[in-house]
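A.B. asks: Pasting in a structure now, in structure tokens, and then I'll have a few things to ask.
Residue numbers (my numbering): 166 to 601.
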């Protein structure tokens with residue numbers, strides 16, 4: 166028994182020795198392979214560094230040669246560039262003088278945005294006017310936009326000539342003028358709502374519309390609260406709105422405003438821009454209804470007599486919090502149809518409509534569905550749960566890069582710039598008239 170047990174113990178020790186030897190051999194082989202791998206990586210790194218150093222040396226020599234060539238070219242062209250700059254300044258001065266003279270002889274009532282005193286005087290004058298006629302108000306808004314357009318030209322000239330003070334001042338004026346426009350639109354809207362009963366038609370509907378250059382304004386006031394009323398149609402403007410049921414029963418007004426400018430995209434944090442201007446839908450609270458007493462009409466004068474109260478969508482219940490209403494399940498969408506300006510070209514086969522998120526300062530597309538373009542009517546239709554500023558979106562890099570471009574002079578001071586994008590749905594180059 167003792168002898169047999171000893172043999173068993175000796176055989177187990179030999180097996181362990183074999184296993185240990187195999188383990189050591191495997192470890193050594195792994196170490197050898199790892200060393201080979203590290204050596205190969207080091208050799209490759211040395212080769213890469215050598216190649217990189219060589220490339221940097223070649224590139225450095227090329228850049229030095231190119232820098233010297235450009236310096237020599239600038240030196241040789243300095244007289245031409247100086248003369249050209251002087252001619253540009255003189256031409257710009259001549260244009261300014263001509264515009265100023267035209268203003269003088271035509272008695273233009275609008276301010277010259279280059280002069281702060283004129284802008285300030287205009288702002289004070291218009292702010293003090295209580296415009297009650299919608300058409301007159303839109304004419305003032307159109308005039309405001311003419312001032313902005315002239316200011317934009319001044320910004321471009323200031324940018325070219327490096328006048329940063331004038332550029333900043335003009336951009337400030339643009340914001341102030343457009344703020345003035347928004348204020349006047351709110352005040353005339355408030356006046357209409359205060360006297361909504363005077364605009365009621367034979368069917369008991371209140372629908373007001375007007376338009377001027379670059380502005381279309383439509384207002385529907387829900388005095389009847391008829392649950393069967395589903396569609397707001399303003400054929401004079403081409404506006405159609407499919408009302409969700411909650412709005413058909415609410416004491417609200419729906420204001421639809423289409424302007425041909427975009428005051429948001431310059432601040433956008435993403436690549437989107439709008440084409441065809443901005444279409445804004447506002448839900449507005451109603452002032453107290455007037456009372457008829459012995460032939461007299463008694464109107465309660467509240468803050469809503471001169472200002473509007475914008476309501477969120479979905480409309481929170483009485484006494485409820487706005488956050489509770491907006492964080493619930495998505496409300497039923499509103500259908501919107503509006504025509505695009507004639508100069509707009511829809512490039513996308515499946516166009517996108519977005520809404521302006523003021524908090525994040527970006528155009529967003531969530532909450533908007535069933536976007537369709539009608540080429541016959543040149544109009545956009547879609548459904549949205551976002552009742553705010555909306556617009557047809559296009560990527561700002563959609564037409565980049567350019568495949569080719571060229572400038573063709575048409576006179577000593579004008580020309581045509583033609584661009585041909587590398588990927589464009591258009592069959593012809595895009596042309597811009599430049600100059601006077």
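Even for Gly, the Cβ is constructed at its ideal location relative to N, Cα and C. These numbers come from a predicted model, not from an experiment.
What does the Cβ neighbour count give for residue 131, buried or exposed, with the cut at 16 atoms within 10 Å?
C.D. replies: Residue 131 is absent from the structure shown; the chain starts at 166 and stops at 601.
A.B. asks: Determine the direct distance from the alpha carbon of residue 474 to that of residue 453, and round the result to whole angstroms.
C.D. replies: When rounded, the distance between both Cα atoms is 13 Å.
A.B. asks: Counting only runs of 3+ residues fully inside the region 511-566, write out the beta strand (DSSP E) ranges in chain order.
C.D. replies: Entirely contained in the region 511-566, the beta strand (DSSP E) runs reaching 3 residues are, in chain order, 517-522, 527-529, 533-539, 544-549, 554-560.
A.B. asks: Around the Cβ of residue 380, are there at least 16 other Cβ atoms within 10 angstroms (buried) or fewer (exposed)?
C.D. replies: So residue 380 counts as buried.
A.B. asks: If I'm right that residue 399 touches residue 450 with Cβ under 8 Å, what's the distance once you round it to whole angstroms?
C.D. replies: That pair is no contact at about 21 Å.
A.B. asks: Does any CB atom of chain C fall closer than 8 Å to the CB of residue 431?
C.D. replies: You won't find chain C in this structure, because it holds only one protein chain.
A.B. asks: What three-state label does DSSP hand residue 364 in the structure shown?
C.D. replies: The answer is helix: DSSP assigns residue 364 an H, G or I state.
A.B. asks: In chain order, which continuous runs of the beta strand (DSSP E) of length 3 or greater are located wholly inside the region 344-396?
C.D. replies: Complete beta strand (DSSP E) runs here, min 3: 371-377, 380-386.
A.B. asks: According to DSSP, simplified to helix, strand and coil, what is residue 573?
C.D. replies: Of the three classes helix, strand and coil, the one that applies to residue 573 here is strand, per DSSP.
A.B. asks: Taking only the alpha-carbon atoms, compute the straight-line gap between residue 440 and residue 355 and give it to the nearest angstrom.
C.D. replies: For residue 440 and residue 355, the distance between alpha carbons rounds to 29 Å.
A.B. asks: If we ignore side chains and look at the alpha-carbon of each, how far apart do residue 546 and residue 404 end up?
C.D. replies: So the two alpha carbons sit approximately 10 Å from each other.
A.B. asks: Please list the segments of the beta strand (DSSP E) lying wholly inside the region 415-480, counting only runs of 3 or more residues, in order along the chain.
C.D. replies: Listed in chain order, the complete beta strand (DSSP E) runs (minimum 3 residues) inside the region 415-480 are 417-424, 437-450, 456-458, 461-463.
A.B. asks: When the Cα atoms are used, what is the spatial distance from residue 332 to residue 321?
C.D. replies: Distance between the alpha carbons of residue 332 and residue 321: 8 Å.
A.B. asks: Under 8 Å, with one C-beta from each stretch per pair, do the region 529-536 and the region 559-573 reach the 3-pair mark?
C.D. replies: Not touching, per the Cβ criterion.
A.B. asks: For the beta strand (DSSP E) holding residue 504, just list the boundary residues, first then last.
C.D. replies: 499-504 is the extent of the beta strand (DSSP E) around residue 504.
A.B. asks: Alpha carbon to alpha carbon, how far is residue 217 from residue 192? Give it in angstroms, no decimals.
C.D. replies: Spanning the two alpha carbons is a distance of roughly 37 Å.
A.B. asks: Are residue 410 and residue 392 touching if we call contact CB-CB under 8 Å?
C.D. replies: In contact: residue 410 and residue 392 (Cβ atoms closer than 8 Å).
A.B. asks: Give the single residue among 373, 281, 182, 349 whose Cα lies nearest to the Cα of residue 330.
C.D. replies: With distances taken between Cα atoms, residue 330 lies closest to 281.
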